[in-house]
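Peer 1: In UniProt numbering, the protein residues as written are 1 to 163.
Every residue, glycine too, gets a C-beta built ideally from N, C-alpha and C.
Note that the structure is predicted; figures quoted are calculated from it, not measured.
Please find one structure pasted underneath; my questions will follow.
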């Protein structure tokens, strides 16, 4: 049996006991109101833990101002990867690492419009539609597509999207 299932079951039992004590507190004695407070708190903590919202080791994962990987926070690794990718993108300045000289240069606006096969005075909506059409044609997974053409279309769209 999974640990989360057991904790959810215990939280449900504790919640039922809390509700029962609240009813008894109304009918019999206010003492049961005071007794229901710890049960309610335990129910809350177990439910938060079972749903993954409560992470106990958050305070222990900070060492010398840095957060260790595997901190128990499921979104942490995703955030860290996203930040690393943003940093790499800033460092590369729109160039493709490890590719020949002709592919590393950004296209001019005129070349970008020509690549997407649209007029230079096209609206952003027209640019987006042309980009989607060209990506479908040049995607490497299609029969007529090629990786170089796909990269060229992406660079052209990024160039036009900047402005």
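(1) So what does DSSP say about residue 29, is it helix, strand or coil?
(2) To which residues of the same chain is residue 136 closer than 8 Å at the C-beta, ignoring the five residues directly before and after it?
(3) Sort 31, 35, 24, 13 by Cα distance to residue 43 and report the nearest one.
(4) So the candidates are 47, 134, 41, 23; which of them puts its Cα closest to the Cα of residue 5?
(5) How big is the Cα-Cα spacing for residue 159 and residue 80?
(6) Taking the alpha carbon of residue 151 as the reference point, which residue from 161, 31, 162, 138 has its own alpha carbon closest?
(7) Can you name, in chain order, every residue of its own chain whose Cβ lies under 7 Å from the Cβ of residue 118, other than the five neighbours on each side?
(8) Which of the three DSSP states is assigned to residue 143 in this structure?
(9) Here's the rule: buried if 16 or more other CB atoms are within 10 angstroms of the residue's CB, otherwise exposed. What is residue 89?
(10) Can you tell me whether DSSP reads residue 108 as helix, strand or coil?
(11) Just tell me which of 155, 22, 106, 27 has its CA closest to the CA of residue 40.
(12) Can you tell me whether residue 34 is buried or exposed, with buried defined as 16 or more other CB within 10 angstroms of its CB?
(13) Run the CB neighbour count on residue 82, radius 10 Å, all protein chains shown included, and call it buried at 16 or more, exposed below.
(14) Pick from 147, 157, 140, 108: whose alpha carbon is nearest that of residue 123?
(15) Specify, as a first and last residue, the run of the alpha helix (DSSP H) that residue 126 falls within.
Peer 2: Working from what's here:
(1) For the purposes of this step, residue 29 is taken as residue 29 along the chain shown, with counting starting at 1. Coil at residue 29, not helix or strand.
(2) The sequence position of residue 136 within the chain shown is 136, counting from 1. Within the same chain, residue 136 has close Cβ partners 142.
(3) In the chain shown, residue 43 corresponds to position 43, counting from 1. When only C-alpha atoms are compared, the closest one is 13.
(4) Mapped onto the chain shown, residue 5 falls at position 5. Among 47, 134, 41, 23, the Cα nearest to that of residue 5 is on 47.
(5) In the chain shown, the residue the question calls residue 159 occupies position 159. In the chain shown, the residue the question calls residue 80 occupies position 80. Taking the straight line joining both Cα atoms gives about 27 Å.
(6) For the purposes of this step, residue 151 is taken as the residue at position 151 of the chain shown. Nearest of 161, 31, 162, 138 to residue 151, Cα basis: 138.
(7) To locate residue 118, count along the chain shown from 1; it is residue 118. Counting only Cβ-Cβ distances below 7 Å, and skipping sequence neighbours, we find 126, 127, 130.
(8) Taking the chain shown and counting its residues from 1, one reaches residue 143 at position 143. Residue 143: coil per DSSP, three-state reduction.
(9) The count along the chain shown starts at 1 and reaches residue 89 at position 89. When all chains shown are included, residue 89 counts as exposed.
(10) Translated into positions along the chain shown, residue 108 becomes position 108. Coil, per DSSP.
(11) In the chain shown, residue 40 corresponds to position 40, counting from 1. Nearest option by C-alpha distance: 22.
(12) Within the chain shown, the letter at position 34 stands for residue 34. Counting Cβ neighbours within 10 Å, residue 34 comes out exposed, since fewer than 16 surround it.
(13) For the purposes of this step, residue 82 is taken as the residue at position 82 of the chain shown. With fewer than 16 Cβ atoms within 10 Å of its Cβ, residue 82 is classed as exposed.
(14) Translated into the one-based positions of the chain shown, residue 123 becomes position 123. Per the Cα distances, 157.
(15) Locating residue 126 in the chain shown gives position 126, where the first residue counts as 1. 124-138 is the extent of the alpha helix (DSSP H) around residue 126.
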